[in-house]
Every structure is written in structure tokens, then in C-alpha cells.
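J.: In terms of the working numbering, the sequence shown has 508 at position 508, counting the first letter as 1, and numbering is strictly consecutive.
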Amino acid sequence: MEYTILILALPVLSFLLLALAGMKMSHRLAGTIGTLVLGVVAVLSYLTAYQYFSAPRTADGTYATLIPYHTTWLPFTETLHIDMGILLDPISVMMLVVISTVSLMVHLYSFGYMKGERGFQRYYAYLSLFTFSMLGLVVATNIFQMYVFWELVGVSSYLLIGFYYTKPEAISASKKAFIVTRFADLGFLIGILIYGYYMGTFTFTPDQQMLMQGGMMLPWALGLMFVGGAGKSAMFPLHIWLPDAMEGPTPVSALIHAATMVVAGVYQVARMFPLYMGYAPETIHIVAYVGAFTAFYAAAVACAQSDIKRVLAFSTISQIGFMMVALGVCTSAHPHEGGLGYMASMFHLFTHAMFKALLFLGAGCIIHAVHSNEMSTMGGLRKYMPITHWTFLIACLAISGIPPFSGFFSKDEILTACFAFSPVIGWVMTIIAGMTSFYMFRLYYCIFWGKENKELHAAHTPHESPLTMTLPLMILAAITCVAGFIPFGHFVSSNGTSYDIHLDWSVAGTSIVVALIAIALATWMYLREEQPVADALQRTFPKLHRAAYKRFYMDELWLFVTKKIIFRCVSTPLAWFDRHVIDQFLNFLAWATNALGEEVQPLQNGRIQTYTLWFLGGIVVLTLMLLLV
Numbered sequence: 001m002e003y004t005i006l007i008l009a010l011p012v013l014s015f016l017l018l019a020l021a022g023m024k025m026s027h028r029l030a031g032t033i034g035t036l037v038l039g040v041v042a043v044l045s046y047l048t049a050y051q052y053f054s055a056p057r058t059a060d061g062t063y064a065t066l067i068p069y070h071t072t073w074l075p076f077t078e079t080l081h082i083d084m085g086i087l088l089d090p091i092s093v094m095m096l097v098v099i100s101t102v103s104l105m106v107h108l109y110s111f112g113y114m115k116g117e118r119g120f121q122r123y124y125a126y127l128s129l130f131t132f133s134m135l136g137l138v139v140a141t142n143i144f145q146m147y148v149f150w151e152l153v154g155v156s157s158y159l160l161i162g163f164y165y166t167k168p169e170a171i172s173a174s175k176k177a178f179i180v181t182r183f184a185d186l187g188f189l190i191g192i193l194i195y196g197y198y199m200g201t202f203t204f205t206p207d208q209q210m211l212m213q214g215g216m217m218l219p220w221a222l223g224l225m226f227v228g229g230a231g232k233s234a235m236f237p238l239h240i241w242l243p244d245a246m247e248g249p250t251p252v253s254a255l256i257h258a259a260t261m262v263v264a265g266v267y268q269v270a271r272m273f274p275l276y277m278g279y280a281p282e283t284i285h286i287v288a289y290v291g292a293f294t295a296f297y298a299a300a301v302a303c304a305q306s307d308i309k310r311v312l313a314f315s316t317i318s319q320i321g322f323m324m325v326a327l328g329v330c331t332s333a334h335p336h337e338g339g340l341g342y343m344a345s346m347f348h349l350f351t352h353a354m355f356k357a358l359l360f361l362g363a364g365c366i367i368h369a370v371h372s373n374e375m376s377t378m379g380g381l382r383k384y385m386p387i388t389h390w391t392f393l394i395a396c397l398a399i400s401g402i403p404p405f406s407g408f409f410s411k412d413e414i415l416t417a418c419f420a421f422s423p424v425i426g427w428v429m430t431i432i433a434g435m436t437s438f439y440m441f442r443l444y445y446c447i448f449w450g451k452e453n454k455e456l457h458a459a460h461t462p463h464e465s466p467l468t469m470t471l472p473l474m475i476l477a478a479i480t481c482v483a484g485f486i487p488f489g490h491f492v493s494s495n496g497t498s499y500d501i502h503l504d505w506s507v508a509g510t511s512i513v514v515a516l517i518a519i520a521l522a523t524w525m526y527l528r529e530e531q532p533v534a535d536a537l538q539r540t541f542p543k544l545h546r547a548a549y550k551r552f553y554m555d556e557l558w559l560f561v562t563k564k565i566i567f568r569c570v571s572t573p574l575a576w577f578d579r580h581v582i583d584q585f586l587n588f589l590a591w592a593t594n595a596l597g598e599e600v601q602p603l604q605n606g607r608i609q610t611y612t613l614w615f616l617g618g619i620v621v622l623t624l625m626l627l628l629v
């Protein structure tokens, strides 16, 4: 599979071409080049997946781990070196399919959405760079290579979020995303350094002897690495960058917040899963608790948002929490004995990528039609936008866990794993799943039903988007309808062996009932033009509603911590010490050197007699010193 190097080479070549020569191209040509390149990458990814999963398994029933490309970049010792290469195993191959599919849909969709935008060529260059970075991250052969591409993902996301660099909000959002994720990535880097020092390698499979020797430090290293993953995946309290990242173009939101950047943390934990299971089981359970709280917090905030992209942003945070919980409740590497959550997490990552990309791209069509993100400007759009309406409804049913859509199958496996770990966690996640159904159908009814803004629509009649925008919606909707029937356990499992998925109908039935109750409640409150129940609840609990709308004041809390504590108590004293101690000491050295030079300057008069006198005087002084000593 030597051709897999093209999966990385083609996007970076597309980036270089569009970045260097894009301004001399027409919009159509630049978009065509970027889209065709991603089309080829997608075809190569599908071919790789077909060849990999159709190959016979090894003697122990697992798929072989292939490294078709490998080179040593920085050698330190015989065992400790930084390599660059391509690693193919079940989860990396699965991620190649997910990333290439969603990225291709975004490239195609952007033809219509970004038409006529200033910087169109630059936009496609950034998309190619981001796709290259994510593809490089998932096929990394070692943890340091993953970190290199991890930072490239951060840089390219900064460029995409701040694409509208003339808008102050976009500038602020891009800086916020960059700073918060850099803060988290510091923990990732420290964890990598501890891991490399004690394990003697940066590979994902250290020597057994090194694992036994450095076993006490391994949980700390993995915990610090998870901090980096929590930042990328917007886990509480490092989630504050994601809602503001909506200032970027809507297709960017679909790319970053559906299938790529935000699942990097989930992929990192899944990649290190054997080490968690074998040497840090308590650490991975902490991952579950963090994920559960994040899922609940984000779902509660999503119930009160009025901006459709922010609702979807907090929905993404909540669903990433589900994936983290699924990984965290694993108690064994064997699928039947406690490893179901691993498969369920990867399955949900796959299905969520498709229907969440569908939701974001559908939101883009809606924004394109009404020129606003606010739900108050919408209502009754189903009669103007039938394709967007039906595809959006499919995505809402999928994320709510309604059969036979894909989200039902993956979410049911997560809930089954949670109940097997702890009934408390199981019921908590079931309730959060019900909250998901409620806020998603609140969003659906407020957009496509409810009260139509006739004044706004009279001035600008909404209309269906062009084929370049609706075609990706139909493709993703079709995938969402059939993806749940994929025998995912045959391809990806916690120990690599084939695993048959069996629905636990006691769990599945409960989750369906909870979802239907939540949908019925949302229908009762938001279907009609007038919404007296919702308005009454808002009047009854104004402080709670405002707190949820303001994200429970987490942004304000972070500003207080940074400005009042870190800046005032740490940064200001350090700045004073730097200015008055370090700088003044260096200024003193400069003054002393200059003064000494001025004092000895008269001695440099060009007279041999003077030099001889000082030379003899120095000899006399040195002689006396030697005699005295």
C-alpha cells in the first residue's frame, strides 16, 4: 500500500499550489483544484479501507498493523528516536474514511456557500492544509509525530476560524481557540516528554520491561496527554473556545466540529487504549467522569441558545462527551468482558461525523437563505426549503437515537456499556440522551415550523440552496440512513478481534422511550406559532434561563481567573521583577562596561614607554602575588 503516501502528499501539494499561485486563478479553478484533489484522496482512502479490511486476518484473529512508509527523522539513542511514517490499523483506516468523506463534502458544498467571497482561493488553501494535518495526525506511527500534526491542526484551525479577519469577532474567536488549545497542548507535550523519558521510546507500544520499570509514571503521562485531548475535544472546562469558533464560515464549522479536530482527543485516548487498560485503569475512569459532566453541561446550555450554530456547537461538545464516557467505562480489553465501550465510541465517532456534518451544512443552507443565525428570523422554512428540511429532520432523528437511523445503533451501544459499568452512569447518560432529543427538536421546530418572520421574508424570500450545496446534504443523509447497519464490530473492536453487535433491547427500548418523550415535549412546546409553555418557563425561571444562555458564566469565570488572578498575582509581579531587576541589572552591566572603557581609554595613547611601564608593573605585581602565595 505504498500509494497511501499520496493521501498525505496530495493535500499538502494542493495547499502549496493554492497558497502560492491561487491569487492568479479564478475562483472556479481554485475550487475545482481543491475539490478534485480531495476527491482523489477520498478514493484512495476508500481503496485503502477496502484492501485493508478485505485482507485475511492474522493467526490471532486480528487485522495486521501495516507501516507502508517509515523513516527515522531525529535519532537520539538506539531506542529513543522520532520517526515519521504511516500507520494503518483498524481505527486509523476508519478515520481516513471519515476525514476524507466529510472534507470532500465540505469542499463541494463550499462551491456554493463561499461563491463570490473575497479570499476564496485562500479559503481552499486553508481547507487543504487542515485536511493534510488531520490525515497526518490519524496515521502517525508514534506519539511525537501525532503531536507535530496536532499542532498543525491547531494552526490551520486558527486560520480557518479567523478567515473573516476584518471582523473583530472572528479575530477574537481565532485567538481564543488558539490560546486555549495551546494551554491544553502544554499538558500534552509534558506528558509526551515524561512518556519518552521513562518508556525509552515514543512509539505506541513500549517494551514490556520499560513498562514495568516506569509503570508508576505512566498514569501521570497519560493523564497529562488527556489534558491535550480535552482541549482539542472541548471537554469541560477547556470547552470555551468551541462556541466562539462559530465565527468562521459554516462549512468550516462542519469540518472542524463534526469529524475532524474535535474528535482528535477521542482518537488520542483510543490510540493509547491498551496502555490505559493495562497500566492506568483509574485514569481512564476519570476520562469517563469528565466526559459525563461535559455531556450534561453542554446539553443544558444547548437547551437555551438562540443561535443555531451555537446549539450545534454545544451539541458537538455533548456528543464528544458521550464518546469519552464510552472509552472511560471500559474495564477490559476483551469486547465481551468490558471492552464494548471502545467499539461503541469509535462507532459513534463514525456515525456522529456524518449526521453532525449534515446538521452544520444544513444550518449553512438556512443561514444562506435568511442571512441570519438567530432562530427568531426563521420559522416556517419547510415550505421554502424542502430538501434542507427533510435532510435536517433525518439528522435530528439520528442524533436523537431513533431507529433505524445510524445514531440509534451507536448511542445504544454506548448506553449498554455505561449500564454494564454502573447503573448510575447508565441512567445519567440516558437522561442526557433525552436532553439531546429535546434541544435538537426544539431547534428543528423553531427553524422549520413555528412562527414565520413574514416581514423579513417579504423583504427577502427564502429559497432552496443550489445543487452544489444540497447534493452533499443528500449524500450525508443517505449515509446517515444506512450507516447504522454496518457490522462495525467486525472491523473495530477493543482487542482487534471480530465482534458481533447484539442490541440489548432493555436498554434500547428505554432509550427510545426517553427520546420519544423528549421529542413529544419539544413538539408540545415549540410546534405551534405561539409558544406559551416555553415563554412561561422562561418567565418562571429567568435566572436559570439566563445562566444557561450565558453558558453558566464560564467565559466570565475564565476572564476572572486570567485577568484578576493570573495577570494580577503572577504576570504583574513577574513583569515588575523583569523590568526593575533583570533589566536594571543588565543596564548596570552595560553602564559599568562603558565606564570602565572610558577610564582605560587614556592608557591607549600609542606611546611604547607607557605600554612598557604597565607591562613591567604587571610583572612585578604577579611576581609578588606568587611569592606571597
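Using N, Cα and C, we set each Cβ at its ideal position, and we do this for glycine too.
Give me, in chain order, the residues of the same chain whose beta-carbon lies closer than 8 Å to that of leucine 108; leave out the 5 immediate sequence neighbours on both sides.
T.: On the sequence shown, residue 108 is found 108 positions in, with the first residue counted as 1. Excluding sequence neighbours, leucine 108 sits near Thr35, Thr468, Leu471, Pro472.
J.: What residue range does the beta strand (DSSP E) around methionine 346 cover?
T.: Residue mapping note: residue 346 aligns to position 346 of the sequence shown, counting from 1. Looking at the DSSP string, methionine 346 is not in any beta strand (DSSP E); the run it does join, the alpha helix (DSSP H), is 340 to 370.
J.: Where do the N-terminal and C-terminal ends of the beta strand (DSSP E) with methionine 84 fall, by residue?
T.: For this step, residue 84 is matched to residue 84 along the sequence shown. Methionine 84 -> beta strand (DSSP E) spans 81 to 88.
J.: Using 10 angstroms around the beta-carbon of aspartate 185, count the other beta-carbons present and answer buried if the total reaches 16, otherwise exposed.
T.: Counting from 1 along the sequence shown, the entry for residue 185 is found at position 185. Aspartate 185 is buried by the Cβ-count criterion.
J.: Does the beta-carbon of lysine 543 have 16 or more other beta-carbons within 10 angstroms, so that it is buried, or is it exposed?
T.: As a working note, residue 543 is residue 543 in the sequence shown. Result: exposed.
J.: With H, G and I counted as helix, E and B as strand and the rest as coil, what does DSSP make of leucine 503?
T.: Within the sequence shown, the letter at position 503 stands for residue 503. Here leucine 503 sits in coil by DSSP.
J.: Hey, could you find the ends of the beta strand (DSSP E) histidine 70 is sitting in?
T.: Position 70 of the sequence shown holds residue 70. Looking at the DSSP string, the run of the beta strand (DSSP E) that includes histidine 70 is 66 to 75.
J.: Taking the Cβ atom as the reference point for each residue, do leucine 222 and tyrosine 276 lie within a distance shorter than 8 Å?
T.: As a first step, residue 222 is located in the sequence shown; it is residue number 222 there, counting from the start. As a first step, residue 276 is located in the sequence shown; it is residue number 276 there, counting from the start. Yes. Within cutoff.
J.: For the ligand ATP, any of its heavy atoms closer than 7 Å to the Cβ of glycine 187?
T.: In the structure shown, the ligand ATP is absent, as is every other ligand, since no ligand is present at all.
J.: Between which two residues does the alpha helix (DSSP H) carrying glutamine 305 extend?
T.: Counting from 1 along the sequence shown, the entry for residue 305 is found at position 305. Counted as a single uninterrupted DSSP element, the stretch harbouring glutamine 305 is not any alpha helix (DSSP H), since DSSP gives it neither H nor E.
J.: What residue range is occupied by the uninterrupted alpha helix (DSSP H) comprising threonine 586?
T.: To locate residue 586, count along the sequence shown from 1; it is residue 586. Position check: residue 586 holds leucine in this sequence, whereas threonine was assumed. Looking at the DSSP string, the run of the alpha helix (DSSP H) that includes leucine 586 is 583 to 600.
J.: Pair every Cβ in the region 348 to 362 with every Cβ in the region 383 to 395, then say whether three or more of these pairs are closer than 8 Å.
T.: yes
J.: Closer than 8 Å is the cut-off here; do at least three beta carbon pairs connect the region 355 to 372 with the region 399 to 412?
T.: yes
J.: If I measure Cβ to Cβ from leucine 603 and keep anything under 8 Å in the same chain, skipping five residues before and after, which residues do I get?
T.: Counted from its first residue, the sequence shown places residue 603 at position 603. For leucine 603, where only same-chain residues beyond five positions count, the Cβ hits under 8 Å are Thr610, Trp614.
J.: Touch check for the region 425 to 442 and the region 516 to 534: three-plus C-beta pairs under 8 Å?
T.: yes
J.: To which residues of the same chain is alanine 177 closer than 6 Å at the C-beta, ignoring the five residues directly before and after it?
T.: As a first step, residue 177 is located in the sequence shown; it is residue number 177 there, counting from the start. Around alanine 177: Ile161, Trp241, Ala245.
J.: Give the C-beta separation of proline 243 and phenylalanine 314 to the nearest angstrom, bearing in mind that I take them to be a contact with Cβ-Cβ under 8 Å.
T.: Walking along the sequence shown from the start, residue 243 turns up at place 243. Walking along the sequence shown from the start, residue 314 turns up at place 314. That belief holds up - the Cβ atoms of proline 243 and phenylalanine 314 are roughly 7 Å apart, short of 8 Å.
J.: In angstroms with no decimal places, state the Cα-to-Cα distance between tryptophan 591 and tryptophan 576.
T.: In the sequence shown, counting from the first residue as 1, residue 591 sits at position 591. In the sequence shown, counting from the first residue as 1, residue 576 sits at position 576. If I take the Cα positions, the gap works out to 21 Å.
J.: So for glutamate 374, helix, strand or coil by DSSP?
T.: Here residue 374 corresponds to residue number 374 of the sequence shown, with the count starting at 1. Residue state, collapsed to three classes: strand.
J.: Suppose the cutoff is 7 Å on Cβ atoms and the five residues either side in sequence are ignored; what does the same chain contact list for glycine 196 look like?
T.: Counting from one through the sequence shown, the residue named residue 196 turns up at place 196. Correct list, in chain order: Leu80, Phe202.
J.: Check whether the Cβ atoms of methionine 429 and alanine 520 lie closer than 8 Å to each other.
T.: Walking along the sequence shown from the start, residue 429 turns up at place 429. Walking along the sequence shown from the start, residue 520 turns up at place 520. In this structure, alanine 520 does not lie closer than 8 Å to methionine 429 by Cβ.
J.: Under the rule that 16 or more other beta-carbon atoms within 10 Å means buried, what is histidine 70, buried or exposed?
T.: Counted from its first residue, the sequence shown places residue 70 at position 70. So histidine 70 counts as exposed.
J.: Which partner residues of asparagine 453 appear in the DSSP bridge assignment?
T.: Locating residue 453 in the sequence shown gives position 453, counting from the first residue. Paired residues: none, contrary to the question.
J.: Rounding to the nearest angstrom, what Cα-Cα distance links isoleucine 190 and leucine 224 in this structure?
T.: Within the sequence shown, the letter at position 190 stands for residue 190. Within the sequence shown, the letter at position 224 stands for residue 224. Using only the alpha carbons, I get a separation of about 7 Å.
J.: So, is alanine 270 buried or exposed, given that buried needs 16 or more other C-beta atoms within 10 angstroms?
T.: Here residue 270 refers to the residue found at position 270 when the sequence shown is read from its first residue. So alanine 270 counts as buried.
J.: Where do the ends of the alpha helix (DSSP H) carrying phenylalanine 577 lie?
T.: Your numbering for residue 577 matches position 577 in the sequence shown. That run of the alpha helix (DSSP H) goes 572 to 577.
J.: Only counting the same chain, and skipping five residues up and downstream in sequence, which positions put a Cβ closer than 7 Å to that of serine 14?
T.: If you number the sequence shown from 1, residue 14 lands on position 14. Excluding sequence neighbours, serine 14 sits near Ile33, Gly34, Val37, Ser128.
J.: In the DSSP output, what is threonine 203 paired with across the bridge?
T.: Position 203 of the sequence shown holds residue 203. BP columns for threonine 203 point to Asn142.
J.: Would you tell me roughly how many angstroms separate the C-alpha atoms of threonine 388 and threonine 58, rounded to the nearest one?
T.: Start at 1 with the first residue of the sequence shown, and residue 388 comes out as number 388. Start at 1 with the first residue of the sequence shown, and residue 58 comes out as number 58. Taking the straight line from one Cα to the other gives about 45 Å.
J.: Give me the Cα-Cα distance between tyrosine 164 and leucine 96, rounded to the nearest whole angstrom.
T.: Within the sequence shown, numbered from 1, the residue matching residue 164 stands at position 164. Within the sequence shown, numbered from 1, the residue matching residue 96 stands at position 96. One C-alpha to the other measures close to 29 Å.
J.: Cα-Cα, which of Gly380, Gly339, Val301, Ala363 is closest to methionine 554?
T.: For the purposes of this step, residue 554 is taken as the residue at position 554 of the sequence shown. Nearest option by C-alpha distance: Val301.
J.: With a cut-off of 8 Å on the beta carbons, I'd call threonine 65 and threonine 497 a contact; round off their distance for me.
T.: For this step, residue 65 is matched to residue 65 along the sequence shown. For this step, residue 497 is matched to residue 497 along the sequence shown. Their Cβ separation, rounded to whole angstroms, is 14 Å, which puts threonine 65 and threonine 497 out of contact at 8 Å.
J.: Exposed or buried, proline 11, counting other C-beta atoms within 10 Å across all chains shown (16 or more means buried)?
T.: Numbered from 1 along the sequence shown, position 11 holds the residue referred to as residue 11. The residue in question, proline 11, is buried, as its Cβ has 16 or more Cβ neighbours within 10 Å.
J.: Closer than 6 Å by C-beta to alanine 254: which residues in its own chain qualify, once you throw out the five before and the five after it? Chain order, please.
T.: Sequence index remark: in the sequence shown, residue 254 carries index 254 (1-based). The residues are Val106, Ala357, Phe360, Leu361.
J.: For cysteine 330, does the three-state DSSP call read helix, strand or coil?
T.: Residue mapping note: residue 330 aligns to position 330 of the sequence shown, counting from 1. Three-state result, cysteine 330: coil.
J.: Out of Leu476, Met474, Ile475, Phe448, state which residue places its alpha-carbon closest to the alpha-carbon of histidine 463.
T.: Within the sequence shown, the letter at position 463 stands for residue 463. Residue Phe448 is the option with its Cα nearest to histidine 463.
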